[in-house]
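**Student:** I have a structure here, written as structure tokens, and I will follow up with some questions on it.
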Amino acid sequence: MRQARCNDVIHVTGQAEAPPGVHHPRPQPGALARPAAGKEGGMTLTCPFTGATADDGGAPQSVPAPSAAPTLPPYSHELEWPKGLEPFKVVDDGSQGDPYRHYRWMLDNAPVLRASSPVSDVWFISRYDDVRKALRAPKIFSSEVVKPVPLTFLTLIDAPDHARLRQIVAKAFTPKAIGLFEERIRENAEALLDTLVARGGGDVVEDYAIPLSMSTISALLDVPAEDFDKMKFWSDETFSYFGRLARNAPGTGTDEESANAFFAYLKDTMERLYAEGNESVGGHIATMWKEGELTEKEAKELCAFVFIAGHDTTTILLANAFRVISEQPALLDSLNGEPSDAEPFVEELARFRGTVQRVSRITTEDVEVAGVTLPRGAIVRLMPAAANHDAAKYPNPDVFDIDRDTGGHLGFGHGVHSCLGAPLARLETKVTAELLGRRLASVRFDPDHEIEYVRGNNLTNSGPHRLVVLVEGRE
């Protein structure tokens, strides 16, 4: 079954006509409560679905309940997928390493894909215009989707709490504030690359990307270097723990214990930072906790969010820089030019091999996307990485083109939930690209080692877990 591309791709609806041969679905989960009134950064938004204008977080316009349950398309496993391509699943880390073959087929044939899971149906939205519009409509596509997870991470809450908590850390992530870290980032990157060149190569994830991103984000929270390894372990386990809670999946036996240790460490760290009068991001959060502007739970989870979001996604993006250059060696000359092509390289990398694959949402009312009606309470996965490969937005999307216009790419999100740490990720990747261009004569895959990809972690991210390369320095 092929879903047609249409210009007026999304609108709020009450009832949909039943296409021939389409069966009614099983009952959908109940709807969330509508977001509470409040402002999101003082912005006034126009809803791309309804055209209504309001302060983000303000009370949404009431929409009549549908007069009948909308009819829905077949499930993923009921569609005719190409030979050699298994139906796309809600939980399938087999396709996590390279999901782009699935994305190409979905973009052309099923831009709104329905898949079943033991918990509920899940809807995958892949086309650029549809994903971008949904990201701009937080009242219709709510972030408060993971109810089994008792977290107030910025990615899991709506206004007004989202605006209040985001503003607490936003000043630390402005381009001006991040610029203060550039010298430290360059020094660390140079030292890591020295070691890589001296060895003739290595695993760029373990030997470069992790230590660079860890040292950078740890500086924001004033975490000592001797604690990097356990913080990395705890944060990975914590992410897995809450991911499995969301999926009602069995645990590892240690993930809950690690999550508790992680939050206990963050509390102790904030106690220390407050006593010292520390002016880091962690110290600022600690002060707001001690002065009653944040609860202890909010403060710990803000620190956890900054740490996890600040190193995990950036680690993969940095590794992908080595991967793309290994695939296209001529890029080294472009990055060694004057002026360097480092900035367009970073933007094309975020479009071409962005880290985040899925963004979770839940609908607060019936809404039509690309001719398909999503019922109120539908569990949705917006797919920014697939959207960045939509040929309607980016011609020849599966080609890495440093000269293309990457304007509007979704590699760092979009709308009120856009990536808070994007300036930091951009800076670390730009510094890396400049160093590789200036210092390396070649980067190539080590033929004795296959790329190992990230697995699990709620299937949110995609990229190398282990990437061994051979490098040669310039004379």
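Sequential numbering from 144 applies to the sequence shown in this note's numbering. By construction, the Cβ of each residue, glycine as well, lies at the ideal position given by its N, Cα and C atoms. Values in this document were obtained by computation on a predicted structure and should not be read as measured data.
1) With DSSP collapsed to three states, give me the class of I451.
2) Quick check on the DSSP output: what are the complete beta strand (DSSP E) runs of length 3 or more inside the region 334-406, in order along the chain?
3) Below 8 angstroms on the Cβ atoms is my contact criterion, and I expect A664 with E618 to pass it. Report the Cβ-Cβ distance as a whole number of Å.
4) Is it true that the region 568-582 meets the region 462-482, where meeting means three or more beta-carbon pairs spaced less than 8 angstroms apart?
5) Check for me: the alpha helix (DSSP H) holding G426 runs from which residue to which?
6) Just checking, does the region 239-249 make contact with the region 211-230 on the three C-beta pairs under 8 angstroms criterion?
7) Does N604 come out as helix, strand or coil in the three-state DSSP assignment?
8) Check whether the Cβ atoms of L613 and G344 sit closer than 7 angstroms, and answer yes or no.
9) Using the C-alpha atoms, what's the distance from N331 back to S401?
10) Would you say the region 279-286 touches the region 499-518, given that touching needs at least three Cβ pairs under 8 angstroms?
11) Taking three-plus beta-carbon pairs below 8 angstroms as touching, is the region 437-454 in contact with the region 353-370?
12) State the CB to CB distance for the pair A529 and S269, rounded to an integer number of angstroms; the pair is presumed to be in contact (CB under 8 angstroms).
13) Could you work out which residue in V234, D272, T458, V586 is closest to S263 when comparing CA atoms only?
14) Roughly how many angstroms lie between the CA atoms of D241 and E470, to the nearest whole one?
15) Quick check: the Cα distance between E380 and F405, rounded to an integer number of angstroms?
16) According to DSSP, F316 sits in a beta bridge with which residue or residues?
17) Out of curiosity, what's the CA-to-CA distance linking V510 and G558?
18) DSSP three-state label for V234, please.
19) Pick out whichever of E593, F543, T549, K440 has its Cα sitting closest to the Cα of A407.
20) Starting from F488, trace the alpha helix (DSSP H) in both directions and tell me its first and last residue.
21) Whether or not the region 306-323 and the region 425-439 are in contact is what I'm after, with contact meaning three or more pairs of Cβ atoms, one per stretch, closer than 8 angstroms; do they touch?
22) Entirely within the region 456-544 and at least 3 residues each: give me those beta strand (DSSP E) ranges in chain order.
23) With a CB to CB cut of under 7 angstroms and the five nearest residues on each side skipped, what residues in its chain are close to V265?
24) According to DSSP, what are the bridge partners of V612?
25) So V574 is in the beta strand (DSSP E); what residue range does that whole segment cover?
26) Just how far apart, CA to CA, sit M186 and L228?
27) Count the other CB atoms within 10 Å of the CB of E615; is the residue buried (16 or more) or exposed (fewer)?
28) Taking buried to mean at least 16 other C-beta atoms within 10 Å of its own C-beta, is D411 buried or exposed?
29) Is the Cβ-Cβ distance between V340 and L610 less than 7 angstroms?
30) Relative to the alpha-carbon of V449, which residue among F316, L355, N604, E325 has its alpha-carbon at the smallest distance?
31) Taking DSSP as the reference, what is the three-state secondary structure of I283?
32) Cutting at 6 angstroms between CB atoms, please list the residues of its own chain near G173, excluding the five before and the five after it.
33) If we count the other Cβ atoms within 10 Å of its Cβ and call it buried at 16 or more, is E491 buried or exposed?
34) Beta carbon of A534, beta carbon of P540: below 7 angstroms?
35) Is the beta carbon of A352 sitting closer than 7 angstroms to the one on T498?
36) Could you tell me which residues DSSP pairs with V265 in its beta bridges?
**Tutor:** In terms of the structure at hand:
1) helix
2) 344-346
3) Outside the modelled stretch of the chain, which goes from 144 to 618, sits residue 664, for which no answer is possible.
4) yes
5) 424-433
6) yes
7) strand
8) yes
9) 28 angstroms
10) yes
11) yes
12) Contact between A529 and S269 holds: CB atoms are separated by about 4 angstroms, below the 8 angstroms threshold.
13) V234
14) 15 angstroms
15) 9 angstroms
16) F316 is not bridged to any residue.
17) Each residue's Cα considered, the two are about 19 angstroms apart.
18) coil
19) Among E593, F543, T549, K440, the Cα nearest to that of A407 belongs to K440.
20) 485-495
21) yes
22) 502-506, 510-512, 515-517, 522-525
23) For V265, the CB contacts under 7 angstroms within the same chain, skipping 5 residues up- and downstream, are V233, A258, I522, R524 in chain order.
24) G345, F588
25) Taken as a continuous stretch (DSSP letters only), V574 belongs to no beta strand (DSSP E), being part of the alpha helix (DSSP H) at 565-582.
26) With a pLDDT of 41 at M186, under the threshold of 50, the modelled position of this residue cannot be trusted; read the value that follows with caution. Roughly 44 angstroms between the two C-alpha positions.
27) exposed
28) exposed
29) Taking 7 angstroms as the cut-off, the beta carbon of V340 is found no closer than this to the beta carbon of L610.
30) F316
31) coil
32) With a pLDDT of 34 at G173, under the threshold of 50, the modelled position of this residue cannot be trusted, and the question is left open.
33) buried
34) yes
35) no
36) A258, I522
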